[in-house]
Every structure is written in structure tokens, then in C-alpha cells.
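Top to bottom, those sequences are chains A and U. Per this note's numbering, the first sequence starts with residue 87, numbered consecutively. Per this note's numbering, the second sequence starts with residue 87, numbered consecutively. Even for Gly, the Cβ is constructed at its ideal location relative to N, Cα and C. Heads up: the structure comes next, in C-alpha cells.
Number of protein chains: 2
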Amino acid sequence: MAKISAATPYRILLSRPPTSHLTRRLASASARHSFSTSPRRLQPSNVGNVGLAEKDTIIGDQAPEPLTIEGIKARRAKAGKLVAPTASYSDSDMFKSPQSYDKPKARRWDHLLSQESLSREPCVLKQAAKYLKKPGLISLGGGLPSASNFPIDSLSMRVPTPPHFAEAEVASTGQDVRIGKYDVRDGRNGGVYDLAIALNYGQSVGAAQLLRWVTEHTELVHGPPPYADWRCALTVGSTGALEQALRMLCDRARGDAVLTEEYTFSTALETAAPLGVRVFGVPTDGEGLRADGLDEVLATWDEKERGGARRPRVLYTVPSGQNPTGATQGAQRRRDIYEVCSRHDVFILEDEPYYFLQMQPYGGGGASNVVPPPETPEAFLRSLIPSLLSMDTDGRVLRMDSFSKVVVPGSRLGWITASEQVVERYIRHAEVASQGPSGISQVLLYKLVDEAWGHEGYLRWLMHLRLEYTRRRDAILAACERYLPRDLVSWVPPAAGMFLWLQVDHTQHPQASAKSILEIEDDIFASCIDKGVLAIRGSWFRAEQDVAPSGLFFRTTFAAASEDDMARAIERFGAAVRESFGR
Amino acid sequence: MAKISAATPYRILLSRPPTSHLTRRLASASARHSFSTSPRRLQPSNVGNVGLAEKDTIIGDQAPEPLTIEGIKARRAKAGKLVAPTASYSDSDMFKSPQSYDKPKARRWDHLLSQESLSREPCVLKQAAKYLKKPGLISLGGGLPSASNFPIDSLSMRVPTPPHFAEAEVASTGQDVRIGKYDVRDGRNGGVYDLAIALNYGQSVGAAQLLRWVTEHTELVHGPPPYADWRCALTVGSTGALEQALRMLCDRARGDAVLTEEYTFSTALETAAPLGVRVFGVPTDGEGLRADGLDEVLATWDEKERGGARRPRVLYTVPSGQNPTGATQGAQRRRDIYEVCSRHDVFILEDEPYYFLQMQPYGGGGASNVVPPPETPEAFLRSLIPSLLSMDTDGRVLRMDSFSKVVVPGSRLGWITASEQVVERYIRHAEVASQGPSGISQVLLYKLVDEAWGHEGYLRWLMHLRLEYTRRRDAILAACERYLPRDLVSWVPPAAGMFLWLQVDHTQHPQASAKSILEIEDDIFASCIDKGVLAIRGSWFRAEQDVAPSGLFFRTTFAAASEDDMARAIERFGAAVRESFGR
């Protein structure tokens with residue numbers, strides 16, 4: 087199997103033995119910047135303040151193994167069976183490809199860390215764990231209950247067998263996955279991860295078994311990131327990860343502030359506000375956050391004008407299928423945003439729950455037949471827009487992934503990827519907060535995505551979801567084209583995610599001069615409820631609630647309702663708008 | 087079935103129709119204070135500043151149903167089948183017994199809430215949820231994935247059938263509990279809680295199905311608490327609950343501090359420190375936290391002497407089987423502590439992971455044959471020491487319960503019980519942090535403790551655990567009596583929990599005048615490792631790390647190792663102490 091993603095070009099280059107000094111320099115430059123989408127074309131660096139001298143590393147003549155699913159299998163085979171008993175320590179370095187180590191390390195972020203984060207000390211009880219390796223030692227140390235007192239003897243779940251993912255097929259073609267209490271001891275059901283481990287206490291970074299899968303998956307999809315000391319850690323989902331990240335990087339006492347899209351995820355605003363972290367909006371367009379707008383906001387920041395808020399050092403962004411606008415940043419947009427952040431030394435929180443809900447290009451008329459869907463996992467990965475993580479030469483990105491939108495939200499399970507320093511601080515906090523995700527969730531997800539499906543099966547599941555969401559999006563767009571007054575309501579067909587953002591041209595409202603946008607929004611919302619459709623008011627998502635809205639919007643989702651219901655709902659929405667506008 | 091707990095006596099009184107003015111007054115006084123252990127003897131109130139005028143409520147002549155398992159069953163039957171679809175809102179008021187409402191409401195704690203907690207606004211997106219009740223409404227609102235895209239079709243688990251709880255019995259007498267994706271729609275497997283609900287997003291307070299069980303269980307065990315507006319909320323475990331509670335009640339900017347046992351759970355210290363919350367120790371004895379010590383610390387508080395820390399308004403305590411000392415506060419001790427807190431207006435964080443690991447009284451010689459073990463759930467509940475929650479007339483207790491020690495830690499699941507105001511602030515925080523516990527953990531625990539076992543089965547499981555831990559404790563105590571030098575090492579047989587706290591008489595050390603306690607502790611610890619036993623250094627648990635230790639201690643646990651291993655380990659510990667003391 088060949089290399090499976092072109093998202094970050096250095097992998098192509100690294101996977102071929104450099105044969106000349108020039109090739110080596112190219113490989114090295116690429117590893118630093120990796121701003122090219124095409125494996126063959128290397129763009130000139132437009133990064134302002136990357137420390138070349140510090141980061142210039144000559145790649146050796148040894149070609150690393152290419153990053154492929156087969157390569158991961160080979161690496162696992164070489165490493166032998168994973169031995170990770172109850173509460174064992176692990177980190178991504180144990181599972182990463184050798185390629186990572188040829189790169190420079192991430193920058194340090196001490197100047198960003200909050201007082202709270204800086205003062206975290208490692209868990210004192212964990213200091214004792216190092217003695218557990220001593221042969222014959224009996225521990226009267228940790229207060230871990232004995233597995234013999236766990237009243238769950240075994241679990242089993244029925245899941246689809248790739249590529250038969252359709253819900254109706256599971257009964258006939260599905261597989262039963264079993265997990266016993268002592269599978270490791272007894273060498274049953276894979277013998278790597280069992281209930282005696284999963285139901286006991288674990289490390290906050292996550293169980294080694296699932297951390298291995300997450301680390302490998304991250305490399306397959308993104309690169310690995312173009313610096314050496316990246317790591318993953320499991321999370322209780324991206325909501326919790328964002329709160330921890332804000333507490334790590336922002337400090338109320340410093341007057342810290344965060345930038346984000348002009349319309350942003352309202353829960354993110356509700357997370358930041360009680361921490362005393364002010365949030366400011368950046369202008370957006372059909373591709374989401376504008377890099378030039380970001381540059382201008384940062385270049386012209388005036389603390390007095392901004393009510394005493396310090397120039398933001400943190401950007402929170404949802405690059406794919408942004409909530410609420412549904413906008414997706416293209417590859418060049420992401421490069422430009424990264425460049426601006428690098429120039430202004432801004433740390434990036436890349437929240438990507440919808441990354442794998444990138445859909446087929448929309449062709450109009452409710453159809454997506456512009457290009458054929460990807461047929462192989464390799465083609466699927468090539469179809470994905472490169473992540474900010476994959477461009478992150480500095481280690482200034484903390485990426486948040488989640489199983490919520492692509493497997494099940496009820497797992498409360500996701501992961502972050504960032505530099506060792508950032509991940510270490512994150513884990514220190516998790517140890518005294520969530521203690522990491524549920525072990526029950528972890529073992530079920532591990533059994534599903536690793537043992538039952540493997541990397542290839544999981545990518546095929548994502549390909550299945552891609553078409554599911556394409557179909558749903560096409561259905562809502564067809565309904566919009568049919569039922570909405572095009573002179574009043576406009577939208578950009580979303581390229582990813584769950585949301586369609588409908589703009590209503592308030593300037594045409596008969597009472598436009600007398601009523602505010604918020605008042606017209608209120609009228610339409612009430613009329614929608616009256617007619618039997620719930621769409622979310624756009625004003626609820628304004629980053630700066632005290633600034634007048636720039637337009638009149640409603641957020642709709644195509645994730646939940648059936649296609650028939652969506653059509654009915656959009657028809658009702660159209661009627662509500664017409665009624666409000668007296669048409 | 088009769089009334090099943092004497093922990094709070096007013097239930098007895100309330101369950102009998104008051105026949106005279108005197109009886110009514112007794113009932114009322116008891117409901118206010120409930121300081122008596124015996125249902126027949128009402129102690130004079132020793133509470134200082136309870137606002138009698140405000141709280142004096144005359145109980146009506148209608149006798150409420152007694153709080154029994156049968157009563158809960160009757161209430162459920164009357165209420166009909168629980169209908170709680172995806173992400174539905176619920177609170178304990180839906181599931182409480184009518185008795186609660188006859189009591190006065192809890193006090194308000196606005197003066198304690200931190201700036202962070204006070205500034206939390208309700209989740210704006212949840213405002214939209216109220217419209218979902220409108221018949222025929224189609225929601226394009228919440229971004230909840232469709233259950234049709236969940237790749238888990240069913241789960242099943244094998245669990246013991248009460249009273250056959252022994253691990254070896256599960257294979258033959260256990261039961262298989264099944265959970266399908268559409269059980270509610272299809273009326274299968276109980277038809278109350280299925281994967282379509284559990285695997286989707288839920289409310290941070292927890293799923294209604296499990297919240298109902300937790301609320302009922304809390305009433306069965308504790309009372310209910312002696313004020314009207316108590317509520318429960320699920321948590322991701324008590325570690326996370328403690329962090330949220332500290333962020334709610336303490337404010338770095340105010341110089342807030344917390345009191346706790348002189349030796350306390352080290353993770354609690356590591357939780358508080360980064361928040362800028364200083365922790366101060368209260369003297370303890372064989373029954374744990376001393377009420378007179380607490381009173382003295384509070385009465386003589388001097389901000390200057392305490393490095394600028396404000397007189398603490400929060401007490402963090404582990405009343406049963408305290409970590410690390412294993413000490414358990416008796417009933418009178420708890421009453422005294424509550425009285426002191428009430429007098430000094432101190433809020434109590436009652437952390438009770440080991441409450442149900444109360445054991446049989448130790449009889450010496452490795453045996454616990456002083457009294458026979460409880461034979462019925464009613465007798466079991468009567469055997470438990472009353473909780474601070476059950477005495478909480480003011481609503482000044484936030485109690486933390488956890489499934490970690492009594493079911494499985496890997497569930498990351500527990501609950502809090504407190505006043506409506508405190509629980510509401512807690513949930514507002516959880517919504518932007520963990521979002522509540524894993525839905526997978528919730529549905530498995532619900533199926534286990536509600537559908538498979540029910541309240542009675544669960545109490546019988548706890549009775550089984552009581553004897554398991556009694557056996558383990560007796561084994562380590564027998565080893566101590568056999569192998570430890572009694573003139574050098576002393577201990578109090580623990581009445582609850584997982585820990586045995588061994589005090590070594592450092593004054594007899596040959597180098598007592600030359601070496602500090604910490605140095606001798608270090609010697610013994612190193613010698614223990616050398617001889618093959620890990621015991622945890624007592625100094626790690628000091629509430630005030632900058633204060634010299636008051637004695638030389640080691641924490642050992644009897645929860646994890648086998649009985650043979652425990653004996654070997656204690657023998658090695660004894661050898662290490664003798665070696666250090668040159669005996």
C-alpha cells in the first residue's frame with residue numbers, strides 16, 4: 087500500500103531517499119513549513135518569524151518508512167504485543183513513527199501559560215508508580231480496587247463489519263465484539279485490553295491501547311505534524327478540552343482575550359466568559375475566518391478601545407464546517423491564517439469536530455455529482471483539506487478531535503494533539519479534574535476502531551459518513567432551492583459539517599428603518615415556532631454580544647431530522663420569512 | 087416493608103400522623119435538626135445560629151408515605167413509565183418523595199460564590215429546547231447526530247444476580263443484560279433507556295433514568311436531607327466534582343482558603359493549589375477531624391499569621407475511611423462538626439467515596455465476630471453512620487458520592503447532593519466542561535443498579551462488599567499484629583475504607599535527635615522498596631507542606647493485593663522499620 091495522504095507534502099519527500107544536497111534542503115524546508123498542497127510544487131515560505139537557524143535540521147540519508155496503514159502494521163509487528171496493564175503510563179512517543187524525530191522541536195510557550203497552569207505540580211502519588219517495576223515488589227500503595235470486586239464480568243457489542251455500514255445491514259453482516267474481565271491474563275479476545283484494566287483507574291492521558299490508535303491515526307491523517315515533540319492525549323470531548331485549554335493559556339489577571347470567528351460556537355463563548363476571558367470577533371466570508379481580517383485586528387489592536395483587553399495571543403477557530411456558519415477554510419486560507427498567527431505570535435486552538443464531515447462538492451439542484459466520491463482510504467485522505475496541525479512548524483496549534491460527530495457523542499471521548507509541553511500541562515490539569523475519559527468508553531471505542539475495524543475500516547466508516555452527510559446536505563439544499571424566496575434568503579452550500587447558515591436580507595424588510603435586526607429576527611423566530619419549525623437565531627452566536635449584528639441569520643442543521651421532515655421544515659421557514667416581509 | 091434507616095429520625099416521626107400539638111412540635115424540631123441517632127430519643131438542639139423563626143415550619147396532619155423500597159416502587163407505579171427521550175431535561179424534584187416539600191428551603195450561598203461561578207449564564211442553545219414540546223414541531227435546532235449513524239447496534243453485559251455476587255458464581259448464576267439501539271421505540275429490554283438516547287448528547291445533570299435512581303437511593307440512605315430543595319446531579323467522579331466545587335466556592339482574588347484534615351487526600355491538595363486556594367489542616371484523632379480543633383482554628387484565625395489567607399468558609403472532609411488515615415468520624419463527631427460549621431458559617435464539602443465501605447467492628451486477632459453482619463437491607467442501612475447530609479438543616483453540605491469504590495472506577499461516574507442553588511451553579515459549569523459523564527457509563531450503570539438489581543439488589547451488593555472489605559482489613563490487621571514491632575508501630579483498626587495508617591514512633595529512633603522525621607521516613611521508605619514493599623510516605627499527605635510533620639506515618643491499602651501478598655508485604659515493612667531502628 088502506498089502513502090495515503092498528500093495533506094502534508096514532506097511525507098512524500100521523506101519517503102523517497104534524498105539523493106542530493108538539494109533534495110535534502112528541500113525536504114528540510116518542507117518539513118519546516120509544509121505549505122504546499124501539491125507534492126511536486128514547493129511554495130516559497132511566507133512565514134515571517136520562523137527561526138531558521140534554530141530550526142534548520144538536515145534530514146539524514148536514511149529514508150524513513152512511508153506513513154501507511156501497512157507501515158503501521160509493520161511497526162506494531164516489530165514492537166510485539168502491547169503490554170499495558172492497569173493504570174500503566176504511556177505517551178505518544180511510544181507509538182509514533184521514527185520520522186517525527188528528525189524534525190526540530192516545538193517552541194516553548196511559557197510566556198503564554200497562565201498562573202494556574204504554571205503552578206501545577208505532578209501528582210505526588212504518581213511518584214510512587216516508578217517503583218512498581220521492581221520485580222517481586224508488593225504494592226500497598228495505590229488505592230485501586232481489586233478487579234475481583236467489579237460486578238461486570240463481560241461486555242459485548244454488535245457493530246458493522248466494513249464496508250457494510252448501513253444500519254439495516256448490521257443485523258445480518260455485523261460482528262459481535264466481546265470483552266472479558268481477564269482477557270489479558272487468559273489470552274482471549276485479543277488479549278490486549280480487558281475489563282480488569284478498563285474498569286479500574288487509568289492514566290489521565292488515556293489507556294495506552296487507545297492512545298496508540300489515536301497517535302497512529304493522527305499521523306496517517308495529518309502528517310505527522312512538522313515538529314518532533316508532538317503528542318496526543320485523550321479528552322472527555324472538545325468542550326472540556328477547550329475549557330482546559332483556555333485555563334492554560336489565558337489569565338483573568340492579565341486581561342487576556344481570545345479571537346474567534348465573528349459568529350462562533352455559543353458554548354465556547356459561555357466557556358470563556360466566566361473565566362474572565364474576553365472574546366473578540368474576526369470578520370469572515372464564505373470560507374470562514376478571513377486571514378487579512380485577522381491580520382488587521384491584531385495589527386491595529388488598541389487596548390483602550392477594547393476595554394482594557396490585552397492584544398489576544400490565542401485564536402479559537404473551527405476550520406471545517408464552522409458552527410454556526412457551516413463555513414470551511416480552504417487550504418490556502420489555512421496557510422494564510424497560520425502565517426498571520428505565526429507573525430503575531432498567536433497560539434491556535436484548532437477545534438475540528440467536523441473535519442471528517444467534509445462532503446462531496448455540491449453540484450446544485452440537490453445533487454453532488456461534480457466529482458466521484460473517493461474510492462479508497464488513500465483517495466479519501468487526499469480529498470481532505472490539510473489541517474492547521476499539518477502546517478504547524480512552530481508547535482503553536484492545539485488541535486481538538488472528537489469522536490462525538492463521527493462515532494457517538496455519548497462516549498464523551500476525544501483527543502488533543504499538541505507539543506509535549508502543552509500536552510503535559512493539559513494532563514496535569516486533567517489529573518485533578520476529569521481524570522480522563524470513561525474507561526468503559528475507552529475500551530468500547532478501542533475494540534471498535536482498532537480491533538474490529540482497524541485503521542482502514544475506520545477510514546472506510548468515515549467515507550460512509552461522508553456520503554451520508556452529503557446526502558443530508560443535498561436534501562436540505564434542494565428544499566432551500568425549492569421553498570425559500572431567493573431574493574430574501576441566501577446561503578453558501580456547506581462543504582463540511584452539520585450546519586446551513588441562512589442569511590435573510592433585512593434591508594428589504596418593510597419596517598427595515600423602524601425595526602432593528604434583532605427585532606426582525608425575533609419576529610421571524612416567533613413565526614417559525616408558530617408554523618412548526620425550530621431554527622436557531624443567528625444573534626445568539628455573536629462573538630461580541632454588545633456589538634450590533636452585521637446581518638440577519640438563522641442556523642439550521644441537516645444532521646438530525648429525516649429528509650422529508652427537513653423539506654417540510656424549510657418550507658415552513660420560507661413561509662415565516664415571507665410572512666414577516668409581507669410577501 | 088418497614089422504614090429502612092434510622093440515620094435521620096424525623097422520618098419515623100413524620101411517617102406517623104402527629105396526634106397532638108406536642109408531637110407536631112417534635113416532628114418539626116426534628117426536621118430542623120435531626121441530631122438524634124435513636125428514633126425514640128430526641129436530643130436537645132446544640133446548634134448555635136439556626137434561624138428558628140425563619141425555619142420553624144409546622145408539619146401538617148397528613149402523614150407522608152414512609153421511605154422504603156416498596157414506597158419507591160409504589161411511587162414509580164403511580165407515575166407510570168418514565169418517558170425521557172434524547173437529551174431530555176430532568177431534575178431530582180421529579181423523583182423525590184413528597185416528604186421533602188414539607189420542609190424549609192436551604193439557605194442561599196451567594197456570599198460564598200466565586201466571581202467565576204456568579205458570572206455563569208445558562209447555555210443559550212438550551213433556551214431553544216423549551217420549544218421542542220410543541221406538537222408537530224420539526225427541529226433544525228440542535229446539532230445532534232442521527233442515531234442511524236451510530237455504529238453500535240447493541241450492547242450486552244454479564245452481571246451477578248443478587249445475592250450471588252461472588253466472582254466465581256457469575257458464570258453459572260449471572261444474568262445477561264441487553265441494550266438495543268431502539269428499545270424505547272420497540273418496547274424491548276425494559277423500553278426506558280436505549281442506545282439511541284445513551285449514545286447521543288445528554289444533559290449535564292445526567293440522564294433522567296439514572297438521576298431517578300440516584301435521587302431515590304439518596305433518599306433511602308440519608309433521609310432525605312432535612313430541607314426541601316435538595317437535588318442530585320451526576321458527576322464525572324468526585325475528583326472532578328471537587329475541582330468544580332472549589333471553583334464555585336473559592337476565589338483566588340478574595341484570598342480564600344479551605345480547611346481539611348491535618349493529613350488529607352494529596353490529590354485534593356493538588357486540585358486546590360493551582361486555583362490559588364490555600365489549604366490549612368485541622369487536628370485529628372482516631373475518629374478523624376476534631377470538632378474542637380476545628381472550632382479553635384476558626385475562632386482564633388489570624389489573617390496575618392496565616393499569610394494573608396481569609397478565614398476559611400469551606401471545610402473539605404472525608405468522614406468515612408478518610409484518605410490517608412483511614413479514620414471514620416462517629417455519629418456524635420459528625421454532629422459536633424456540623425454544629426461548629428453552622429456556628430462559623432462554614433460550607434462543608436462531604437467527600438464520601440468510602441461511605442459504603444464501612445466494615446464490621448474489628449474484634450482483634452484478625453477476626454470481626456463482635457456483632458453479626460446485617461442480614462437485611464434495612465439492617466444494613468441502620469448500621470451506617472449518619473451522613474453530614476442527613477444532618478444538614480441549612481443546606482450547607484455538598485455531598486460527593488462515587489461509583490468508583492463500590493462499582494467500578496472506570497465508569498468515571500458519581501453524583502453530588504446539595505441545595506438547588508448549589509446544584510444549579512454546578513450544572514452550569516459542567517455544561518461547558520465535561521458535559522456530564524459518559525452516556526455509555528450511564529446506561530450500563532443504570533441497567534445494572536436499576537433494572538438488573540433494583541434498590542434492594544444494590545444494597546445487597548453493598549452488604550457483600552462490606553464483608554469483602556471486612557475480610558481484607560482483618561487480613562492486613564492480622565499481619566500487622568503478627569509481624570510489626572508493637573512498641574514502634576501503632577494503628578487504629580479502620581472502621582471504613584481502604585487504608586490502614588501506620589504510625590512509627592520516631593522518638594525511639596537511635597538518631598532521633600540528629601535526624602528529622604522526614605529523614606527517618608525517607609530511610610524507612612527506601613528500605614521498604616529494597617525489601618520489596620511499597621507503602622506511601624505519610625508526609626506526602628500533609629495539608630500544610632511547609633509545616634513540620636506531627637508524626638511519622640505510612641499509608642497502606644488493603645484494597646488491592648491478595649491476602650497472602652498483604653501478609654508478606656507487612657512482614658517486609660516490619661523488617662524495614664526494625665532495620666531503621668537497629669532492632
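Review point. Quick one: which chain U residues come within Cβ less than 8 Å of K220(A)?
Key: Going along chain U in sequence order, the residues near K220(A) (Cβ under 8 Å) are I615 and G618.
Point to revise | Within 8 Å of chain U by C-beta, residues of the segment 230-262 of chain A in sequence order | key: Listed by position along the chain: L230, P231, S232, S234, N235, F236, P237, I238, D239, S240, L241, S242, M243, R244, V245, P246, F251, E253, V256, A257 and G260.
Check your understanding: Residues bridged to S225(A) by DSSP?
Key -> Per DSSP, L620(U).
Review point. How long is the line joining the alpha carbons of I145(U) and D188(U), rounded to whole angstroms?
Key: Bear in mind that a pLDDT of 35 at I145(U), under 50, signals an unreliable position, so the model cannot answer this.
Review point. If we count the other Cβ atoms within 10 Å of its Cβ and call it buried at 16 or more, is K182(A) buried or exposed?
Key: buried
Review point. Going by beta carbon distance, what residues of the same chain come within less than 6 Å of G637(A), once the five residues before and after it are set aside?
Key: Contacts found: Q589.
Review point. Should K617(A) be listed as close to the ligand SAH, given that the test is whether its C-beta is under 6 Å from any heavy atom?
Key: You won't find the ligand SAH in this model; it holds no ligand whatsoever.
Exercise for review: Quick one: grab the DSSP three-state call for Y287(A).
Suggested key: coil
Exercise for review: Using the DSSP secondary-structure output, state which residues sit across from Q330(U) in a beta bridge.
Suggested key: Q330(U) is not bridged by DSSP to any residue.
Exercise for review: Could you tell me whether any Cβ in chain A is nearer than 7 Å to the Cβ of L285(U)?
Suggested key: yes
Practice item. Would you verify that the beta carbon of I265(A) is, or is not, closer than 7 Å to some beta carbon of chain U? Key: no
Review point. Taking only beta-carbon atoms, is R206(U) less than 7 Å away from chain A?
Key: Yes, because at least one Cβ of chain A sits closer than 7 Å to the Cβ of R206(U).
Point to revise | alpha helix (DSSP H) runs contained entirely in the segment 398-445 of chain A, provided each spans 4 or more residues | key: Listed in chain order, they are 417-429.
Point to revise | Interface residues of chain A facing C566(U) [CB-CB closer than 9 Å] | key: Close partners of C566(U) in chain A (Cβ separation under 9 Å) are lacking, with about 11 Å as the shortest Cβ gap.
Review point. Checking contacts by CB at 7 Å: is T321(U) closer than that to chain A?
Key: no
Exercise for review: Identify, in the order they occur along the chain, each residue of the same chain with its Cβ nearer than 7 Å to the Cβ of W501(U), setting aside the five sequence neighbours on each side.
Suggested key: V300, C318, A319, L320, T321 and D487
Review point. Distance, Cα to Cα, L545(A) vs F251(A)?
Key: 12 Å
Check your understanding: Using a C-beta to C-beta distance shorter than 8 Å, which residues of chain U count as neighbours of Y217(A)?
Key -> I615 and L620
Practice item. Tell me whether Y217(A) sits in a helix, a strand or coil according to DSSP, three-state version. Key: Y217(A): helix per DSSP, three-state reduction.
Practice item. Kindly list the residues whose CB is nearer than 7 Å to the CB of T247(A), restricted to its own chain and excluding five residues on each side of it in sequence; keep chain order. Key: T259, G260 and Q261
Point to revise | Short Cβ contact (7 Å threshold) for D437(A) with S324(A) | key: yes
Review point. Cα separation between R419(A) and L375(A)?
Key: R419(A) and L375(A): Cα-Cα distance of roughly 8 Å.
Review point. What did DSSP end up calling S488(A) once you bin it into helix, strand or coil?
Key: Here S488(A) sits in strand by DSSP.
Review point. Are the C-beta atoms of G450(A) and some chain U residue less than 7 Å apart?
Key: no
Point to revise | Classification of P463(U) by the beta-carbon crowding that lies within 10 angstroms, buried from 16 upward | key: buried
**Study point:** Among D650(A), Q597(A) and R628(A), the one whose alpha carbon lies nearest that of E665(A)
**Key:** Q597(A)
Exercise for review: Starting from E347(A), follow its DSSP beta bridges and name the residues at the other end.
Suggested key: Bridge pairing for E347(A): V368(A) [DSSP].
**Study point:** Residue closest to R642(U), alpha-carbon to alpha-carbon, out of R628(U), G624(U), A629(U) and F366(U)
**Key:** Note on identity: in this sequence residue 642(U) is Thr, with Arg being the wrong assignment. Considering only alpha carbons, the answer is G624(U).
Exercise for review: Measuring alpha carbon to alpha carbon, tell me which of F466(A), G393(A) and A565(A) ends up nearest L306(A).
Suggested key: F466(A)
Review point. Which runs of the beta strand (DSSP E) spanning at least 3 residues fall entirely within the segment 465-549 of chain U, listed in chain order?
Key: Entirely contained in the segment 465-549 of chain U, the beta strand (DSSP E) runs reaching 3 residues are, in chain order, 483-488 and 500-505.
Review point. A354(U) and L328(U) look like a contact to me (Cβ under 8 Å); what is the Cβ gap, rounded to whole Å?
Key: 6 Å
Review point. Comparing the C-beta of E506(U) with each C-beta of chain A, is any distance below 7 Å?
Key: No, E506(U) lies away from the interface with chain A (no Cβ there is under 7 Å from its Cβ).
Review point. Cβ of S476(A) within 7 Å of Cβ of G309(A)?
Key: Contact flag set, yes.
Check your understanding: Does the segment 425-440 of chain U touch the segment 601-619 of chain U, meaning 3 or more C-beta pairs lie closer than 8 Å?
Key -> no
**Study point:** Boundaries of the alpha helix (DSSP H) in which L355(A) is found, first to last residue
**Key:** S352 to A358
**Study point:** Neighbouring residues, chain A, relative to K533(U) (Cβ below 8 Å)
**Key:** Ordered by position in chain A, no residue passes the 8 Å Cβ test against K533(U), which lies about 10 Å from the chain.
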